[in-house]
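Peer 1: Next up is a structure, given as C-alpha cells.
2 protein chains.
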Amino acid sequence: MQQGFTVWFLGMSGAGKTTVATMMAEHLKARGLKVERLDGDVVRQGLSRDLGFSARDRQINIERVAFVAQLLNRNGVCVVASFITPYRRMRRFCRESIVRYAEVYLRCPLDVLIRRDVKGLYRRALAGELTHFTGISDPFEDPESPDLVVDTARDTPRESLERVLELLAGKGFLP
Amino acid sequence: MQQGFTVWFLGMSGAGKTTVATMMAEHLKARGLKVERLDGDVVRQGLSRDLGFSARDRQINIERVAFVAQLLNRNGVCVVASFITPYRRMRRFCRESIVRYAEVYLRCPLDVLIRRDVKGLYRRALAGELTHFTGISDPFEDPESPDLVVDTARDTPRESLERVLELLAGKGFLP
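As they're listed, the protein sequences go chains U and C.
According to my numbering, the residues represented by the first sequence are 1 to 175, in order.
According to my numbering, the residues represented by the second sequence are 176 to 350, in order.
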C-alpha cells in the first residue's frame, strides 16, 4: 500500500501558507497520490467548532488535526496541512504524533506582512480590533527545528514549492 | 479507487457493540479492505479529550467522528464505528454527513443488560455512583430509522455479523 505522509506548513497569517499548500496538494494529486488538505477553516468547521483562539484552544485544535493526519497517513492518504502553529509545544506534538512528517516554516518578516496585509487583518489587529492575533497580540514562537525554512518575502510560490518537493524526496516520502 | 463506507453500530453499554464491531473490522480487513475502527475510547483520547458526557458534549463528539469518518471514506477507507449514539439528532447528523452510511442498532433489553453487567457499570449507575449513564440516568432515544436492528439478547455475535454483512451487500458497499 502507498504510504502517506504529512507536510505541515506553518507561519503567520499572510505568509503564503494557503497558496503554497494548495499548489502542493494539486501537485501531489497530479502525481496520482491521494491527498487531503487540512487547514484552519475546514478544521474549525468540522472538528473544532467549540474552540476559540486561546493558547489552550489552539493547542487542542492542533492535537486533533495531528490525530486525523496520522489516521489518514496510515491509510495511504497524504495530508497537506496549513496552520499558523504558533507554539513550539504544538510542533513537538505533531512531530511525535505523525510518523511521516515534514515541517515547513514559511517565514516572512512582520513588517512585510503588515505592509502587504492582503486581508486587512493586521490593520485591524494593530488597531486593537482583533484579540489573540498572532504576531501582534499573541506570540509566534520562533520554530526550533523545522525541516525546511522558506523565505516567502523573497521566493515565489513556485520556487517555494520546488524546495518543499526536494525536501519530501530527500525524506523518501515521494514514490 | 475503492470507495469507503461507514457502518455505525449504536446501542447501550453492554449491548455488544465492541464485540460485533471488532469482528466486522477483522472480516473487512480479511477481504483486503482498508479499515479503521472508531470507538469511544480511541476518539475521546485523540479527538475529544476536552469533552464530557453532557448532551451537548456527546453531540459534539459524534459530529467530530462523523467528520473524520467521511474524510476516511472519501479516501477509500472503511470505518467501523461503535458509539452509544443515544440521541436522534446525532443519528440524523451522521446520516446527513456520511455519504455511504449504514446504521445498525444493537438492541438488548435493559433488564438483560443489568443482569449481565459485564463491566459492573449498571450496578454503579443504579447506585447513583455514575451520572450521565445512558439507560439509567441519561436517555437513550429509540432509533427511528436504523438500516438494521439486531437483537443481541437472542442472536450470537456471529449471527449478528452475518446480518450486517447482508445489509452492506444489499447497499452495494461491498466490492
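Quick reminder that beta carbons are idealized off the backbone N, C-alpha and C, glycines included.
Measure from the alpha carbon of residue 107 of chain U to the alpha carbon of each residue in U/149, U/114, U/88, U/156, then state which is nearest.
Peer 2: Position 107 of the first sequence, counting from 1, holds the residue named residue 107 of chain U. Restricting attention to U/149, U/114, U/88, U/156, the CA atom closest to the CA of residue 107 of chain U is found in U/149.
Peer 1: In the DSSP assignment, find the unbroken beta strand (DSSP E) run with residue 182 of chain C in it and report its ends.
Peer 2: Numbered from its first residue, the second sequence carries residue 182 of chain C at position 7. Residue 182 of chain C -> beta strand (DSSP E) spans 181-185.
Peer 1: Grouping DSSP H, G and I as helix and E and B as strand, with all else coil, what is residue 229 of chain C?
Peer 2: Counting from 1 along the second sequence, the entry for residue 229 of chain C is found at position 54. Correct three-state label for residue 229 of chain C: coil.
Peer 1: Taking the alpha carbon of residue 24 of chain U as the point to measure from, which residue in U/172, U/60, U/163, U/13 has its own alpha carbon closest?
Peer 2: Counting from one through the first sequence, the residue named residue 24 of chain U turns up at place 24. With distances taken between Cα atoms, residue 24 of chain U lies closest to U/163.
Peer 1: Can you give the Cα-Cα distance for residue 96 of chain U and residue 129 of chain U, rounded to whole angstroms?
Peer 2: Against the first sequence, residue 96 of chain U aligns to sequence position 96. Against the first sequence, residue 129 of chain U aligns to sequence position 129. Rounded to whole angstroms, the gap between the alpha carbons of residue 96 of chain U and residue 129 of chain U is 36 Å.
Peer 1: Which residues of chain U have a Cβ atom closer than 8 Å to the Cβ of residue 225 of chain C, listed in chain order?
Peer 2: Position 50 of the second sequence, counting from 1, holds the residue named residue 225 of chain C. Correct list: 50, 60.
Peer 1: For residue 179 of chain C, count the other beta carbons within 10 Å of its own beta carbon; 16 or more makes it buried, fewer makes it exposed. Which is it?
Peer 2: Here the question's residue 179 of chain C lines up with position 4 in the second sequence. The residue is buried, with at least 16 neighbouring Cβ atoms inside 10 Å.
Peer 1: Who are the neighbours of residue 64 of chain U on chain C, taking C-beta pairs under 8 Å?
Peer 2: For the purposes of this step, residue 64 of chain U is taken as the residue at position 64 of the first sequence. Chain C residues near residue 64 of chain U: 221, 222, 239.
Peer 1: Measuring only the C-alpha atoms, how far is residue 254 of chain C from residue 119 of chain U?
Peer 2: As a first step, residue 254 of chain C is located in the second sequence; it is residue number 79 there, counting from the start. As a first step, residue 119 of chain U is located in the first sequence; it is residue number 119 there, counting from the start. Between residue 254 of chain C and residue 119 of chain U, the C-alpha separation is close to 39 Å.
Peer 1: Which one of C/298, C/321, C/320 has the shortest CA to CA distance from residue 310 of chain C?
Peer 2: For the purposes of this step, residue 310 of chain C is taken as residue 135 along the second sequence, with counting starting at 1. Measuring from the Cα of residue 310 of chain C, the nearest candidate turns out to be C/298.
Peer 1: Could you name the residues that DSSP lists as bridge partners for residue 319 of chain C?
Peer 2: Along the second sequence, one-based indexing puts residue 319 of chain C at 144. Paired residue(s): none; residue 319 of chain C is not in a bridge.
Peer 1: Report the option in U/132, U/13, U/19 whose CA atom is closest to the CA atom of residue 54 of chain U.
Peer 2: The residue labelled residue 54 of chain U in the question sits at position 54 within the first sequence. Comparing alpha carbon positions, the residue from U/132, U/13, U/19 closest to residue 54 of chain U is U/132.
Peer 1: For residue 39 of chain U, does the three-state DSSP call read helix, strand or coil?
Peer 2: For the purposes of this step, residue 39 of chain U is taken as the residue at position 39 of the first sequence. Reduced to three states, the DSSP call for residue 39 of chain U is strand.
Peer 1: If contacts are defined as beta-carbon pairs under 8 Å, then residue 68 of chain U and residue 243 of chain C qualify, I think. What distance do you get, rounded to the angstrom?
Peer 2: Against the first sequence, residue 68 of chain U aligns to sequence position 68. Against the second sequence, residue 243 of chain C aligns to sequence position 68. Right, their Cβ atoms sit about 6 Å apart.
Peer 1: Using a Cβ cut-off of 8 Å (strictly closer), state whether residue 242 of chain C contacts chain U.
Peer 2: The residue given as residue 242 of chain C occupies position 67 in the second sequence. Cβ-Cβ to chain U under 8 Å: yes for residue 242 of chain C.
Peer 1: Does the CB of residue 281 of chain C have a neighbour CB from chain U at under 8 Å?
Peer 2: Reading the second sequence from its first residue, position 106 is the one you call residue 281 of chain C. Taking a beta-carbon distance threshold of 8 Å, residue 281 of chain C does not count as an interface residue toward chain U.
Peer 1: Could I get the ranges of all uninterrupted alpha helix (DSSP H) runs contained in the stretch 262-333 of chain C, with 4 residues as the minimum, in chain order?
Peer 2: 263-272, 285-291, 296-301
Peer 1: Quick one, are the C-beta atoms of residue 14 of chain U and residue 117 of chain U less than 8 Å apart?
Peer 2: Against the first sequence, residue 14 of chain U aligns to sequence position 14. Against the first sequence, residue 117 of chain U aligns to sequence position 117. Contact flag set, yes.
Peer 1: Return yes when the Cβ of residue 140 of chain U is within less than 8 Å of the Cβ of residue 86 of chain U, no when it is not.
Peer 2: As a first step, residue 86 of chain U is located in the first sequence; it is residue number 86 there, counting from the start. As a first step, residue 140 of chain U is located in the first sequence; it is residue number 140 there, counting from the start. Against a cut-off of 8 Å, the Cβ pair of residue 140 of chain U and residue 86 of chain U comes out as a contact.
Peer 1: For residue 66 of chain U, which three-state DSSP category applies?
Peer 2: Within the first sequence, numbered from 1, the residue matching residue 66 of chain U stands at position 66. Helix, per DSSP.
Peer 1: Taking the alpha helix (DSSP H) that residue 195 of chain C belongs to, which residues open and close that run?
Peer 2: Here residue 195 of chain C corresponds to residue number 20 of the second sequence, with the count starting at 1. Run containing residue 195 of chain C: 192-205, per the alpha helix (DSSP H) assignment.
Peer 1: If you draw a straight line from the C-alpha of residue 100 of chain U to the C-alpha of residue 7 of chain U, how long is it?
Peer 2: In the first sequence, the residue the question calls residue 100 of chain U occupies position 100. In the first sequence, the residue the question calls residue 7 of chain U occupies position 7. Taking the straight line joining both Cα atoms gives about 9 Å.
Peer 1: For residue 164 of chain U, name the three-state secondary structure that DSSP assigns.
Peer 2: On the first sequence, residue 164 of chain U is found 164 positions in, with the first residue counted as 1. It is helical.
Peer 1: Going by beta carbon distance, what residues of the same chain come within less than 7 Å of residue 209 of chain C, once the five residues before and after it are set aside?
Peer 2: Locating residue 209 of chain C in the second sequence gives position 34, counting from the first residue. 251, 252, 253, listed in sequence order.
Peer 1: Which whole-angstrom value is the C-beta distance of residue 155 of chain U and residue 235 of chain C, which I expect to be below 8 Å?
Peer 2: Locating residue 155 of chain U in the first sequence gives position 155, counting from the first residue. Locating residue 235 of chain C in the second sequence gives position 60, counting from the first residue. Not quite, the Cβ-Cβ distance comes to about 40 Å (not below 8 Å), so this is no contact.
Peer 1: If we ignore side chains and look at the alpha-carbon of each, how far apart do residue 74 of chain U and residue 312 of chain C end up?
Peer 2: The sequence position of residue 74 of chain U within the first sequence is 74, counting from 1. The sequence position of residue 312 of chain C within the second sequence is 137, counting from 1. Cα-Cα distance, rounded: 39 Å.
Peer 1: Could you round the C-beta distance between residue 105 of chain U and residue 157 of chain U to whole angstroms and report it? I think they count as a contact, below 8 Å.
Peer 2: One-based indexing of the first sequence puts residue 105 of chain U at position 105. One-based indexing of the first sequence puts residue 157 of chain U at position 157. At roughly 15 Å, the Cβ-Cβ gap does not stay under 8 Å, so residue 105 of chain U and residue 157 of chain U are not in contact.
Peer 1: Mind checking which residues open and close the beta strand (DSSP E) that includes residue 80 of chain U?
Peer 2: Position 80 of the first sequence, counted from the start, is the residue given in the question as residue 80 of chain U. Here the beta strand (DSSP E) through residue 80 of chain U covers 78-82.
Peer 1: So, residue 213 of chain C versus residue 259 of chain C, is the Cβ gap smaller than 8 Å?
Peer 2: For the purposes of this step, residue 213 of chain C is identified with residue 38 of the second sequence, where counting begins at 1. For the purposes of this step, residue 259 of chain C is identified with residue 84 of the second sequence, where counting begins at 1. Cβ atoms of residue 213 of chain C and residue 259 of chain C: not closer than 8 Å.
Peer 1: Rounded to the nearest angstrom, how far is the Cβ of residue 72 of chain U from that of residue 246 of chain C, given a contact under 8 Å?
Peer 2: Along the first sequence, read from residue 1 onward, the residue named residue 72 of chain U stands at position 72. Along the second sequence, read from residue 1 onward, the residue named residue 246 of chain C stands at position 71. About 7 Å separates the two Cβ atoms, so the contact holds.
Peer 1: Determine, for residue 203 of chain C, whether the minimum Cβ-Cβ distance to residues of chain U falls below 8 Å.
Peer 2: Walking along the second sequence from the start, residue 203 of chain C turns up at place 28. Taking Cβ atoms only, chain U never reaches closer than 8 Å to residue 203 of chain C, which makes this a no.
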